[in-house]
Amino acid sequence: MRMTKLTLLVAQITPKQICETKGNISPIRRKESPRRNCERKERIMKLFPALLQLGSTTAFLVSRGATISSSSHSSMSQTTTALKVSELHIPGYRESKMPFILTEEDMSSSDGSTIVAIQEQTYTCQDYESQIPYKSGHLLHKTKNQVFSTQECQYIVQEAEYIADQMGWTTNRHGNYPTTDIPLVELPNTLRFLKRTLVERVYPLLRTQFQEFLPPGDAPFKLRVADGFLVKYDAEGGQSELKPHRDGSVLSFNIALNPAHEFEGGGTWFNSLNDAVKIDEGQMVSHASGVLHGGHAITSGKRYILVAFVILEGYDAWSMRFYNSIRDK
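Counting from 1 along the sequence shown, just add 163 to a position and that's the residue number in our numbering.
Shown next, in the form of structure tokens:
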């Protein structure tokens with residue numbers, strides 16, 4: 164069975180294999196020899212074994228209310244003329260930078276059924292709020308429940324900080340609007356965790372949220388994460404905000420990785436709302452990439468989020484039309 168083979172392939176990934184797949188990773192601050200890099204990966208794999216056991220479609224989906232910032236007239240409202248795109252513009256994102264992330268097609272069984280058929284019965288995080296109406300749908304959504312559990316979020320942050328201690332945070336990976344981040348390809352345990360959770364949790368949710376816009380047929384099952392990274396905002400001596408910009412993909416999402424009480428301010432600021440949308444640990448904000456948005460400044464503490472740019476693989480012409488149609492929303 165195809166499903167069995169792929170499951171075994173995922174289960175048998177070794178630290179050495181992870182190292183060997185990283186030839187096109189963006190350069191970081193301090194270089195290490197291949198041998199030392201592999202040794203470090205082996206230590207990481209041993210340090211966070213529990214993360215590899217996570218990923219159940221029903222695990223830790225604990226209800227927790229998301230809130231919208233009550234502060235009006237964000238400081239970002241004065242800089243809404245930004246027109247540049249933060250990263251490669253469509254169709255620059257024709258293909259994923261992370262092709263090794265599993266898709267529904269990869270996880271199909273021999274009888275033609277997919278993980279999605281199972282997901283529809285077990286996934287319980289479909290409760291979300293929608294804003295920025297456009298035509299018959301909405302361009303912005305935020306979940307009320309956790310998409311990642313508290314424990315999953317903690318493991319991801321721990322791995323990121325561990326890697327950062329060894330290699331530093333990247334600050335110039337993106338063209339016009341760089342973030343202080345670590346690409347997910349540098350986080351082997353998080354990446355392995357995402358191989359299933361994207362297919363089981365995130366993609367089904369995005370299909371539901373943006374079903375009014377996605378083309379018919381198999382298009383909704385062509386969602387692919389083109390790039391993913393973990394962002395750190397630090398009010399004391401680090402990057403505390405991200406100016407308004409547009410992403411270069413079709414959809415974008417970010418998942419909060421630490422509790423909201425650990426920092427002041429924060430959230431994702433949207434020009435259409437003139438306000439910041441705030442979520443708590445494990446919850447997700449998703450939006451059309453072309454809407455003007457930014458990272459609202461934090462005034463104290465640290466804020467961690469997992470950010471991903473999503474494309475619709477094989478639908479370049481449609482993607483450009485959709486992107487251009489919502490730029491002023």
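Backbone N, C-alpha and C define an ideal beta-carbon position, used for all residues, glycine too. Being a predicted model, the structure only gives us computed values, none of them experimental.
Other residues of its chain near residue i: CB distance less than 7 angstroms, five sequence neighbours each side excluded
{"i": "residue 464", "result": "398, 425, 426 and 427"}
{"i": "residue 291", "result": "304, 305, 306, 307 and 372"}
{"i": "residue 376", "result": "300 and 485"}
{"i": "residue 478", "result": "378, 382 and 385"}
{"i": "residue 442", "result": "229, 305, 419 and 448"}
{"i": "residue 460", "result": "238, 403, 404 and 428"}
Rounded C-alpha distance that separates residue i from residue j
{"i": "residue 357", "j": "residue 446", "result": "15 angstroms"}
{"i": "residue 438", "j": "residue 310", "result": "23 angstroms"}
{"i": "residue 435", "j": "residue 407", "result": "12 angstroms"}
{"i": "residue 430", "j": "residue 305", "result": "11 angstroms"}
{"i": "residue 452", "j": "residue 325", "result": "30 angstroms"}
{"i": "residue 361", "j": "residue 418", "result": "12 angstroms"}
{"i": "residue 466", "j": "residue 344", "result": "12 angstroms"}
{"i": "residue 384", "j": "residue 400", "result": "42 angstroms"}
{"i": "residue 327", "j": "residue 333", "result": "9 angstroms"}
{"i": "residue 285", "j": "residue 368", "result": "At residue 285 the pLDDT is 41, less than 50, meaning the model places this residue with poor confidence; the figure from the coordinates comes in the next sentence. One C-alpha to the other measures close to 13 angstroms."}
{"i": "residue 293", "j": "residue 330", "result": "39 angstroms"}
{"i": "residue 370", "j": "residue 420", "result": "23 angstroms"}
{"i": "residue 491", "j": "residue 296", "result": "12 angstroms"}
{"i": "residue 316", "j": "residue 348", "result": "17 angstroms"}
{"i": "residue 483", "j": "residue 359", "result": "29 angstroms"}
{"i": "residue 355", "j": "residue 318", "result": "12 angstroms"}
{"i": "residue 275", "j": "residue 380", "result": "Here the model assigns residue 275 a pLDDT of 40, short of 50, so the residue's position is not dependable, and the following value carries that caveat. Cα to Cα, residue 275 sits roughly 16 angstroms from residue 380."}
{"i": "residue 495", "j": "residue 374", "result": "Nothing in the structure corresponds to residue 495, since the chain is present only between 164 and 492."}
Residue environment, residue i, which counts as buried when at least 16 other CB atoms sit within 10 Å
{"i": "residue 299", "result": "exposed"}
{"i": "residue 372", "result": "buried"}
{"i": "residue 526", "result": "Nothing can be reported for residue 526: it is not among the residues displayed for the chain, which extend from 164 to 492."}
Residue from the options with nearest C-alpha to residue i
{"i": "residue 474", "options": "421, 491, 410 and 467", "result": "410"}
{"i": "residue 342", "options": "470, 318 and 308", "result": "470"}
{"i": "residue 389", "options": "312, 423, 366 and 461", "result": "366"}
{"i": "residue 321", "options": "301, 348, 352 and 293", "result": "352"}
{"i": "residue 364", "options": "328, 386 and 380", "result": "386"}
{"i": "residue 416", "options": "396, 440 and 312", "result": "440"}
{"i": "residue 444", "options": "294, 462, 314 and 370", "result": "314"}
{"i": "residue 312", "options": "478, 422, 472 and 488", "result": "422"}
{"i": "residue 449", "options": "413, 491 and 328", "result": "413"}
{"i": "residue 489", "options": "370, 454 and 333", "result": "454"}
Proximal residues to residue i (C-beta, below 8 angstroms), its chain only, five neighbours per side dropped
{"i": "residue 481", "result": "378, 382 and 475"}
{"i": "residue 323", "result": "345, 350, 353, 393, 395 and 467"}
{"i": "residue 487", "result": "453"}
Cβ-heavy atom distance, residue i to the ligand ATP, below 6 angstroms
{"i": "residue 435", "result": "Among the ligands in the structure shown, none appear at all, so the ligand ATP cannot be discussed."}
Chain-order list of residues whose beta-carbon lies under 6 angstroms from that of residue i (same chain, five-residue window excluded)
{"i": "residue 458", "result": "404 and 405"}
{"i": "residue 433", "result": "456"}
{"i": "residue 346", "result": "392"}
{"i": "residue 472", "result": "389, 390, 410, 412 and 415"}
**Asked** Which parts of the stretch 319-400 are runs of the beta strand (DSSP E), unbroken and 3 residues or longer, counting only runs that do not cross its ends?
**Response** List check, beta strand (DSSP E) in window: 344-346 and 386-397.
**Asked** If you scan the stretch 287-311 from start to end, which runs of the alpha helix (DSSP H) of 4 or more residues do you find wholly inside it?
**Response** none
**Request:** Counting only runs of 3+ residues fully inside the stretch 410-492, write out the beta strand (DSSP E) ranges in chain order.
**Result:** 414-419, 426-428, 431-433, 438-441, 447-451, 456-458 and 461-475
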